[in-house]
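Read in order, the letters of the sequence shown correspond to residues 809 to 1006 in our numbering. Here's the structure we're looking at; comments come further down.
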Amino acid sequence: MQLAVHIPVKPHIHSYLKSKYGSDRILLRGSKQDPIAQYVASKISKPAKVQKVSENKHTCKITFLVSKDFFEKVGCLVDNEAAIHFNFFVDHLIKQEFYTHMYLRLAYGVCRKDAIIEFMERYDLHTDGLTYEALKKAFYRFEKKNNVKIFGNIVPSVGENKQEPTRTKSTNPNTIRWHKWKAKQRRLSKMKITLNLN
């Protein structure tokens, strides 16, 4: 026997979860690989009294199915605070997945607009509260906050300093060998080589 736990969510979170799990009715398992299931399991509890969950901003609902044993041990109440925290948690997961998606797509030379549209299509985010402009601005703010800029297929590390590095003599043997080889290549390219084939 399974019981339903309804959690009010924002429209874009509903689309994301529905695309990720294939349905808006998600079977709650004790899987340690699924952070969403772990989070929901940690937030539901036995009801002290029946409370109404606020639905003013959260116009959609996502349903988690729990077993009778789980219900008897933990309960199945999701109060206002737990619903809000769940929305923040999934929003955070969406942003992290979006930033990762953007880095990977931009590293392969896909333009920003196409990368954002791909992400929106992947999770069916076209008609919901998460628009193209909102994602574009979020990625711009993320780049600015973390001092990162992606050009073509060069992806710098997060927080990398944009200042030119000061030139110091390297003590790394591989670096020294490379510089010697590069200097030799420059000298050879300047030399004229003539071959006499008799």
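Backbone N, C-alpha and C define an ideal beta-carbon position, used for all residues, glycine too.
Which residues does DSSP pair with H814 in a beta bridge?
T871
Could you give the first and the last residue of the continuous beta strand (DSSP E) run that contains L914?
Per DSSP, L914 belongs to no beta strand (DSSP E); it is in the alpha helix (DSSP H), 888-915.
Should F896 be labelled buried (16 or more other beta-carbon atoms within 10 Å of its own) or exposed?
exposed
Round the Cβ separation of M832 and H822 to the nearest angstrom and send it over; I've been treating them as touching at under 8 Å.
In the sequence under discussion, the amino acid at residue 832 is Asp, which differs from the Met named in the question. Yes, they are in contact, since the Cβ atoms of D832 and H822 sit about 7 Å apart, within 8 Å.
Just mark C868 as buried or exposed, buried being the case when its beta carbon has 16 or more other beta carbons within 10 Å.
buried
Classify P843 as buried or exposed, calling it buried when 16 or more other Cβ atoms lie within 10 Å of its own Cβ.
exposed
Would you mind reading off the limits of the alpha helix (DSSP H) that contains L943?
Secondary structure note for L943: its alpha helix (DSSP H) is the uninterrupted segment 940-953.
Measuring only between beta-carbons, confirm whether F950 sits less than 8 Å from chain C.
Among the chains in the structure shown there is no chain C, since it carries only a single protein chain.
For L825, name the three-state secondary structure that DSSP assigns.
helix
From which residue to which residue does the alpha helix (DSSP H) around K931 run?
Note on identity: in this sequence residue 931 is Tyr, with Lys being the wrong assignment. Where Y931 is concerned, there is no enclosing alpha helix (DSSP H), given that its DSSP letter is neither H nor E.
My guess is that F927 and I815 are in contact by the Cβ rule of under 8 Å, so how many angstroms apart are they, rounded?
Contact flag wrong, Cβ pair sits at about 23 Å.
At the level of alpha carbons, what is the spacing between F950 and R920?
14 Å
Short check: CB of D932 to CB of S850, under 8 Å?
no
If you count every other CB in all the chains shown that lies within 10 Å of the CB of S965, and 16 or more means buried, which is it?
Its pLDDT being 48, under 50, S965 is placed unreliably by the model, and nothing is read from it.
Determine the closest residue to I870 out of F878, V886, Y916, with distance taken between C-alpha atoms.
In terms of CA proximity to I870, V886 leads the group F878, V886, Y916.
Would R930 and A923 qualify as a contact pair, given that the criterion is a beta-carbon distance under 8 Å?
no
If you draw a straight line from the C-alpha of A890 to the C-alpha of V918, how long is it?
38 Å
Count the other CB atoms within 10 Å of the CB of L825; is the residue buried (16 or more) or exposed (fewer)?
Answer is buried; the Cβ neighbour count reaches 16.
Going by CA-CA distance only, name the one from Y948, E905, L901 that's closest to Y847.
L901
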